[in-house]
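A.B. asks:
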Amino acid sequence: MRTKRWTPWVYVAPALALLTLFLVYPSIDTIRISFYDRSVSSFVGFQNYIYSFTNPTMLTAFRNNAIWVLLFTVFTVCLGLLLAVLLDRVRYERIVKSVIFIPMAISMVGASTIWKFVYAFRPAGAQQIGLLNGIVVALGGQPVGWLIERPWVNNFCLIAVGVWLWTGFCMVLLSAAYKNIPRQLMEAARIDGANEWQVFRKVILPLLWPTVAVVMTTMVVFVLKIFDIVYVMTNGNYSTEVIANRMYKEQFSFSNYGRAAAIAVILLMLIVPMMVINIRRFRRQEAIR
Amino acid sequence: MRKGRWCLALAAVLLLSLGAVAQQVTIAVVWSGNELDAFKATIAPFEQQTGITVNIDAVGRDLPTVLPVRVAAGNPPDLAALPNPGQMKEFVAQGALAQLDDLSNLADTPKAFVDLGSVDGHVYGLFIGADLKSLVWYNPKAFAAKGYAVPTSWAGLVALSQQMIANGDTPWSIGLESGAASGWPGTDWIEDIMLRTAGPDLYDKWVAHEIPWTHPAVKTAFQYFGQIALNNNMVYGGTTGELTTNFGDAPNALFTVPPDAYMLKQATFIQSFILTANPDLVPVEDYNIFLFPPISPVWGTPLLGSGDLVGVFNPTPEAMALADYLASAQAQEIWCGTLGKLAVNTQVDPSIYPDPITASAASMLATAEIFRFDGSDLMPAAVGSGTFWSGVLDYINGIPLDTVLESIEASAVDAYPQ
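Encoded structure:
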């Protein structure tokens, strides 16, 4: 039986319809709304975008998102890679990996609440309930207001929570890829006189690179949208604002629909290139196969 | 013929059920827990007396977000507890709220509260209970042990604070942390100071953004607050403690031995936090209130407060009956008596208050010469629950006052309708 030309479309149609309804239409409508005022009643041109790129709090948010992208991605991927390679040589690999992976099972809000306690501050002389200040005071220091110490300490403290949550994820993916590398290659390198660092640098890393790149872009896309940790722990106060939290505030606290839509579009524009890179690499890999 | 009879029967059943539907009214509320239980108890007599079923839609904390969406969708509840007078005004501008001018029980509501619920001379919002904010809580036993006396002027308050510091005590406990709403306790300080240094008229202009945030009067109010709040000897834990302490935990510092702090400025509702954390404390004996003292003799002791506001979206007879009931002394005796809130209706029997402190706060409110509503609740959200909150936090966190005020002003220029 010959397949008619439109037959594939019949099969794809339900998926296309759902995509159009739940993805394409909302995206296009968001772009439309971003050119309107707070109650989506009158056209304002590029005003919402001008606001987004000139408002000081928005500029802080852009800066912080850049810091998040850089530090969060570097730390999760590097730590994940380090753990994946080193734990391969440990007898209790499974147990250790499970422990590192466990935070993934905790919701972002739950983890943020836990870490809010870790960073808790009590005045000097009072019983410290926060783990970190407990340690600082036990070592003879003064308690620190970790989450209000702007602009670096508090941002680093927030990023640390994200790293704690997501390192396990990177580790698991990279570890799976590492275990797929044929052992003979490493052995051959060692027989040829390569030291461990050279084996890692010249053999493991190039073979692992496609996975590292995917994990990295996934982390970048994820962290560009970072919201929960900031919302729960500081709500963007003390120079810790990020783009997604600003979008939430404009929409749900200030009912400024146009501005929230503009920020959403900007965020989308930042994420699209990363998605394109990811898809291109995926296609290339498929072509090789 | 048979068919016709069936139709008739069906129509009768439909009519009956329509009648039953008409005897219902829905109210969306922000309350949960204790407050929701108290509201159910408040509604019970109304249901018994009228036979009208009241469906309580307990939307909870998201009500400020949900309500505009439901109004925009043309599907508002019959009545709703409105988050604040600012949002009430927005609903009035959209033509979503019904006028309540003819409710009989409004006659027993003081003019100040009727005015707060009115737009252009028509009533759209009813206050069913209020909280008084201009209060300082203290521990009378700790005061007596150290020979401290309740001050009656700002100079006296500062002198007392300095006397405490000289004795090695910490005068104030301040908690500005409140999750996503952090900063609001500081706005109450500034509003109370603003009323006492600039007077109610300038306060109204400030709230309506007829004077800029960079106005000397606003700056002065922040500076008075800073005299206490920026001084690490004045506040338990210094500015860091202030910024990281939750407002609900702040009273605890008054009841340690020896006290970590001696005074806390907070509204009437903090009493439930005090009693939850320290159930053995006896009102008046172990903790008490005094009025936040006057600063300028010209303006005396104006009072600052907030309240629970109810509006009607669908003016059915049942909805109006419920609104009128909520304005009555009967309803408010249950609502306020259970929760320790202050009744608005002047016919409420003072004996309903659960303790002498609430009763005295109620009489302060009833005899107030000047009363003003919490300004941050009246401002557009981008200022009142946006930059004003974060501005207070920035000020305490060491950002120069002029920078703070300029950034609030920039957001106000943007957020107030032109």
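Residue numbers (this note's numbering), protein chains in the order written: chain X, 5 to 293; chain R, 721 to 1138.
Don't be surprised by glycine CBs; every beta carbon is placed ideally from N, CA and C.
1) Quick check on A827 of chain R - is its C-beta less than 7 Å from some C-beta in chain X?
2) Starting from the beta carbon of S257 of chain X, find every residue of chain R whose beta carbon is closer than 7 Å, and list them in chain order.
3) Excluding the five sequence neighbours on either side, which residues of its own chain have a C-beta within less than 6 Å of the C-beta of G144 of chain X, listed in chain order?
4) Exposed or buried, R98 of chain X, counting other C-beta atoms within 10 Å across all chains shown (16 or more means buried)?
5) Residues of chain R with CB under 9 Å from Y242 of chain X, in chain order?
6) Tell me whether A740 of chain R is buried or exposed, calling it buried when 16 or more other Cβ atoms sit within 10 Å of its Cβ.
7) Less than 7 Å between CB atoms is the rule here; does D960 of chain R satisfy it with respect to chain X?
8) On the CB-based measure, 16 or more other CB atoms within 10 Å of its CB, does Y15 of chain X come out buried or exposed?
9) Leaving out five residues before and five after A854 of chain R in sequence, what residues of the same chain have Cβ atoms less than 7 Å from its Cβ?
10) Quick one: is G957 of chain R near chain X, going by C-beta distance under 7 Å?
11) Pairing CB atoms from the stretch 944 to 960 of chain R with CB atoms from the stretch 1057 to 1066 of chain R, are three or more of them under 8 Å?
12) Please report the Cβ distance between Y982 of chain R and D889 of chain R, rounded to the nearest whole angstrom; I am assuming they are in contact, meaning their Cβ atoms lie under 8 Å.
13) Classify A928 of chain R as helix, strand or coil using the three-state DSSP reduction.
14) Which word fits K831 of chain R, buried or exposed, when buried means at least 16 other C-beta atoms lie within 10 angstroms of its C-beta?
15) Quick check on the DSSP output: the beta strand (DSSP E) that includes F1093 of chain R runs from which residue to which?
16) For chain X, find out if any of its Cβ atoms is closer than 7 Å to the Cβ of T907 of chain R; answer yes or no.
17) Below 8 Å CB to CB, which residues in the same chain sit around E897 of chain R once its five sequence neighbours on both sides are set aside?
18) Which of the residues in the stretch 780 to 796 of chain R, read from start to end, lie with their CB under 7 Å from any CB of chain X?
19) Using a Cβ-Cβ cut-off of less than 9 Å, list which residues of the stretch 891 to 906 of chain R approach chain X; keep chain order.
20) Rounded to the nearest angstrom, what separates I1054 of chain R and G84 of chain X at their Cα positions?
21) So who's on the other strand from Q744 of chain R, going by DSSP bridges?
22) Thinking just about the alpha-carbon of each residue, which of X:C174, X:V28, X:M273 and X:R205 is nearest to the one in M220 of chain X?
23) Kindly indicate which three-state DSSP category K985 of chain R falls into: helix, strand or coil?
24) Which class does P214 of chain X belong to by DSSP, given the choice of helix, strand or coil?
25) Answer with buried or exposed for M808 of chain R, where buried requires no fewer than 16 other C-beta atoms within 10 angstroms of its C-beta.
26) What are the residues of the stretch 39 to 60 of chain X that lie near chain R, defined by any Cβ-Cβ distance shorter than 7 Å?
27) Measuring CB to CB, does W857 of chain R end up less than 7 Å from L984 of chain R?
28) Where in the stretch 997 to 1030 of chain R do unbroken runs of the beta strand (DSSP E), each at least 3 residues long, occur, reported from the N-terminal end onward?
29) Between V1030 of chain R and A827 of chain R, how many whole angstroms is the CB-CB distance? I'm expecting something under 8 Å.
30) Does the beta carbon of L127 of chain X come closer than 7 Å to any beta carbon on chain R?
31) Looking at the C-beta of G149 of chain X, does it have a partner C-beta in chain R at a distance below 7 Å?
32) Shortest alpha-carbon distance to A294 of chain X belongs to which of X:R263, X:N199 and X:Y123?
33) Can you list, in chain order, the residues of its chain with a C-beta nearer than 7 Å to that of S1048 of chain R? Leave out the 5 residues immediately preceding and following it.
34) Taking 7 Å as the CB-CB limit, is I152 of chain X close to chain R?
35) CB-CB under 8 Å to A937 of chain R, same chain, minus the five flanking residues each way: which ones, in chain order?
36) What in chain X is Cβ-close to S1127 of chain R, meaning under 9 Å?
C.D. replies: Reading from the atomic positions:
1) no
2) A1101, S1105 and G1106
3) none
4) exposed
5) L963, S1110, L1113, D1114 and N1117
6) With a pLDDT of only 49 at A740 of chain R, under the threshold of 50, the placement of this residue in the model should not be trusted, and no figure is reported.
7) The question names Asp, but residue 960 of chain R in the sequence shown is Thr. Yes - at least one Cβ of chain X is within 7 Å of the one on T960 of chain R.
8) exposed
9) For the sequence presented, residue 854 of chain R should be read as Ser rather than Ala. The answer, listed in chain order, is D912, L1011, F1012, L1023 and L1024.
10) yes
11) no
12) 6 Å
13) coil
14) exposed
15) F1091 to F1093
16) no
17) L963, T964, T965, N966 and F967
18) T785 and P788
19) G899, A900, A901, S902 and G903
20) 60 Å
21) R:T773
22) X:C174
23) strand
24) helix
25) buried
26) P60
27) yes
28) 1008 to 1011
29) So it is not a contact: roughly 17 Å between Cβ atoms.
30) The residue you asked about is not Leu; residue 127 of chain X is Pro in the sequence shown. P127 of chain X counts as touching chain R.
31) yes
32) Because residue 294 of chain X is not part of the residues shown, which for chain X are 5 to 293, the question remains open.
33) N825 and N1065
34) yes
35) M914, T917, A918, L922, W926 and I931
36) P60 and T61
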